[in-house]
Amino acid sequence: WNVGGTLECVWTAVAATEYLKGRIQNRPLVGIICGSGLGSIADLVENPRIVRFDDIPGLPDWEVIGNEGCLIFGRIGNKQVVVIQRRLRTYEGHDYSVMTIPIRVMKLLGAKYLFVTSTAGGLNKHYEVGDLVMVRDHVDFSSLVGRNPLIGQHDPRFGDRFPALQGTYDRGLRNIAAKCMDKLKLQSELLEGVYFHIAGPAYETPATARMLQLLGCDVMGMSLTQEVLVAKHQHMKVFALCLITNKVTTDSDTTDEHNYELETKVAKMKAPLVGKLIEGILDNLH
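Residues 1 to 286, numbered by the UniProt record's numbering, are exactly what the sequence shown covers, in order.
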């Protein structure tokens, strides 16, 4: 399967959308992407209609994703949603533009909002494991060196050639989230910050962590920015939420290593709270 570049991926998404329109009754208002260990968010969907990626004509063989490689359609509260439990990642070898096909499908099906969740490492010294961080902006070096999902032929029907990225992360949605956490009396666990995208799969070096702190980055992770960029390109309103599952180390001589199993455990423990927050935001969308 050899699709790459903006226009090819757009038309792949168009074909996938036509297939899905004949198999779902209601169009989603909100697209939701689950981060690592946060897949239980999909359990909130009522009367789910599940469509596997592998069953959608024109899409690549995403068997590597396993059973979580699917689109889940249904309702959360009184809002129609489509949920992706397992996203594609750059370190799996996918072209940057291919990774964003599901986002284009969401938009073509009618979604006006994208909610993105992700686990992340805490760069900000004041952040603790278990904190939730709303992304207000991001830094992505890959876009600065020519790895951008919008590179390629362009069709103006699907977004601007040169999209401005101010206001990418919607302030109104962040305000709603803050009010929801206030009602839960957990406002101290909800923070705001700047996200840095690292391609992975290797973790950052301590020297990299020190550099990113100097640049003003608060959290870092291996996903999110490419999806968000394409959502903004399509004029979707974006809410991005990171769960801090580890604090990065800045000591080059430390022998402490990342514990992926522990990070996943933190994510699963906090997933119910993330779900409650998403339910609250959805309930306040008008």
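Built from N, CA and C at the ideal position, the CB exists for glycine as well.
Handout entry: Residues that residue 257 bridges to, as DSSP identifies them
Key = None; residue 257 has no bridge partner.
Practice task
Please look up how many angstroms separate the CB atoms of residue 117 and residue 14, rounded, as I've assumed it's under 8 Å.
Solution key: Actually they are not in contact, since the Cβ atoms of residue 117 and residue 14 sit about 27 Å apart, beyond 8 Å.
Handout entry: Closest residue to residue 130 among 253, 267 and 80 (Cα-Cα distance)
Key = Ranking 253, 267 and 80 by Cα distance to residue 130 puts 267 first.
Problem - N-terminal and C-terminal residue of the alpha helix (DSSP H) that residue 221 is part of - result: Segment 219-221 is the beta strand (DSSP E) holding residue 221; no alpha helix (DSSP H) there.
Exercise for the section: State whether the segment 104-117 contacts the segment 234-249, with contact taken as three or more CB pairs (one from each stretch) at a distance under 8 Å. Expected result: Judged by pairs of C-beta atoms under 8 Å, the segment 104-117 touches the segment 234-249, as three or more such pairs exist.
Handout entry: residue 8 to residue 102 span [Cα, whole Å]
Key = For residue 8 and residue 102, the distance between alpha carbons rounds to 14 Å.
Exercise for the section: Excluding the 5 residues preceding and the 5 following residue 272 in the sequence, name in chain order all residues of the same chain whose CB lies nearer than 8 Å to its CB. Expected result: Only 40 meet the Cβ criterion.
Handout entry: Inter-residue Cα distance where the pair is residue 201 and residue 222
Key = Between the C-alpha atoms of residue 201 and residue 222 there is a straight-line separation of about 8 Å.
Practice task
Could you tell me whether the Cβ atoms of residue 277 and residue 144 are closer together than 9 Å?
Solution key: Contact check for residue 277 against residue 144 fails: the beta carbons are separated by 9 Å or more.
Problem - Helix, strand or coil at residue 271 according to DSSP, with G and I counted as helix - result: In this structure, DSSP gives residue 271 a helical state, which the three-state scheme calls helix.
Practice task
On the DSSP bridge assignment, give the partners of residue 128 in chain order.
Solution key: Paired residues: none, contrary to the question.
Handout entry: Residue-chain proximity (residue 141, chain B), Cβ-Cβ < 9 Å
Key = The displayed structure is made up of one protein chain only, and chain B is not part of it.
Practice task
Going by CA-CA distance only, name the one from 249, 73 and 141 that's closest to residue 225.
Solution key: It is 141 whose Cα lies nearest to the Cα of residue 225.
Exercise for the section: Compare the beta carbon distance of residue 193 and residue 119 with 9 Å and say whether it is the shorter of the two. Expected result: In this structure, residue 119 does not lie closer than 9 Å to residue 193 by Cβ.
Practice task
May I ask you to list the residues that DSSP assigns as paired with residue 121?
Solution key: In DSSP, residue 121 forms a bridge with 220 and 246.
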